[in-house]
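Engineer: Numbering (UniProt numbering), first residue to last: 1 to 354.
All residues carry an ideal CB built from backbone N, CA and C; glycine is no exception.
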């Protein structure tokens with residue numbers, strides 16, 4: 001009988017497996033808490049489960065953990081991790097810490113959902129080598145669990161507070177696994193991360209945007225827009241040829257009608273698009289949409305030929321949007337000194353091996 005990935009199991013699944021193995025129901029709850037709440041990485045750490053029961057569980061459950069290949073720490077506290085999966089593939093994820101004055105500190109993990117990416121956005125390091133494969137539920141959840149495990153070695157009270165599915169890959173093209181991972185990470189006996197503190201980022205998979213609104217209206221949505229004209233967006237985001245802006249904007253409208261939640265529209269600024277006419281076109285496109293624009297200075301990626309604009313250009317772009325009545329902000333940059341952009345660390349590592 002094929003073994004099941006432990007980190008990808010919901011509590012109800014573990015209860016059923018334990019019953020099939022002749023183990024008491026409470027063993028499943030203990031196991032779930034050790035894995036999903038306490039973020040242990042070995043069977044031996046599960047102190048209240050005897051050796052005999054652990055061996056019985058091992059016959060059906062596979063405890064895969066991620067191998068930490070590299071960790072980089074930024075001057076601003078951001079940590080970037082390169083993890084090796086069971087088949088040798090590499091993924092990245094990032095921990096960003098934000099100190100707050102009037103509320104609890106925010107600890108946000110940026111999670112990957114695929115090895116590589118099939119979308120091939122022109123400015124992204126992840127898609128350079130195409131899509132290798134989807135991540136399993138356990139591999140998605142495992143990024144958050146392993147970061148939690150490592151940081152708790154320094155700070156036993158550490159708790160991830162926010163999640164953004166903005167790492168390697170297009171989350172809505174690995175839809176079922178992402179939604180089950182969200183369910184696990186939200187579980188009250190696990191890390192208990194609030195649904196409204198999770199955000200899925202997409203480049204515009206129109207049918208899945210509408211499906212997400214129906215399946216999980218609590219989770220936030222960010223749309224990687226980057227251009228307000230189809231002819232420009234076609235070059236930046238090839239998926240726009242399949243789901244052009246008119247279809248995407250209609251899907252966003254349906255999403256906000258169902259969920260009553262504001263969408264974040266992400267726009268990566270370069271020296272080419274940080275212009276007044278582009279800001280005006282963006283304002284026209286988003287007029288009447290329930291959303292907020294997040295302006296992001298592009299992270300330079302070798303081979304793309306794209307350069308980041310200076311701060312004054314970005315401020316003027318934001319002002320144009322504000323003057324047109326569009327809610328906008330310039331994203332606070334994190335981890336710029338450690339290649340924190342998606343895919344950069346993996347490419348660097350693979351380059352060193354050549």
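If I'm right that residue 167 touches residue 110 with Cβ under 8 Å, what's the distance once you round it to whole angstroms?
Structural biologist: At roughly 5 Å, the Cβ-Cβ gap stays under 8 Å, so residue 167 and residue 110 are in contact.
Engineer: Helix, strand or coil: which one does DSSP assign to residue 48?
Structural biologist: Residue state, collapsed to three classes: coil.
Engineer: Can you name the residues that DSSP bridges to residue 97?
Structural biologist: DSSP, once it has assigned bridges, lists 107 as partnering residue 97.
Engineer: Let's see if you can read the secondary structure: which residues bound the alpha helix (DSSP H) around residue 249?
Structural biologist: 245-259 is the extent of the alpha helix (DSSP H) around residue 249.
Engineer: Using only the alpha-carbon positions, how far apart do residue 262 and residue 54 sit?
Structural biologist: Looking at the two C-alpha atoms, the distance is approximately 46 Å.
Engineer: Could you tell me if residue 320 is buried or exposed, where buried requires 16 or more neighbouring beta carbons within 10 angstroms of its beta carbon?
Structural biologist: Per the 10 Å Cβ criterion, buried.
Engineer: In angstroms, rounded to a whole number, what distance separates the CA positions of residue 173 and residue 313?
Structural biologist: Cα to Cα, the separation comes out at about 34 Å.
Engineer: Could you compute how far the alpha carbon of residue 251 sits from the alpha carbon of residue 221?
Structural biologist: Cα to Cα, residue 251 sits roughly 12 Å from residue 221.
Engineer: Report buried or exposed for residue 24, applying the criterion of at least 16 other Cβ atoms within 10 angstroms of its Cβ.
Structural biologist: Looking at its Cβ environment, which holds fewer than 16 other Cβ atoms inside 10 Å, residue 24 is exposed.
Engineer: Of all the beta strand (DSSP E) runs that stay within the bounds of the segment 282-317, which reach a length of 3 or more residues?
Structural biologist: Whole beta strand (DSSP E) segments, 3+ residues: 291-297.
Engineer: Does the structure place the segment 181-190 close enough to the segment 221-236 that three or more beta carbon pairs sit under 8 Å?
Structural biologist: No contact exists between the segment 221-236 and the segment 181-190.
Engineer: Assuming residue 82 and residue 69 form a contact by the criterion Cβ under 8 Å, report the distance between their Cβ atoms to the nearest whole angstrom.
Structural biologist: With a Cβ gap of about 5 Å, residue 82 and residue 69 count as contacting.
Engineer: What is the DSSP secondary structure of residue 75, counted as helix, strand or coil?
Structural biologist: Coil, per DSSP.
Engineer: In the DSSP output, what is residue 62 paired with across the bridge?
Structural biologist: In the DSSP output, where bridge partners are listed per residue, residue 62 has 5.
Engineer: Counting C-beta neighbours from all protein chains within 10 Å, is the total for residue 208 16 or more, i.e. buried, or is it exposed?
Structural biologist: It is buried - the Cβ of residue 208 has at least 16 other Cβ atoms within 10 Å.
Engineer: Whole angstroms is fine: what's the gap from residue 235's alpha carbon to residue 244's?
Structural biologist: About 12 Å.
Engineer: Looking only at its own chain, which residues have a Cβ that is under 7 Å from the Cβ of residue 352, when we skip the five neighbours before and after it?
Structural biologist: Interpretation of residue 352 is limited by its pLDDT of 49, a score under 50 that renders its predicted location unreliable; the figure taken from the coordinates is listed afterwards. None.
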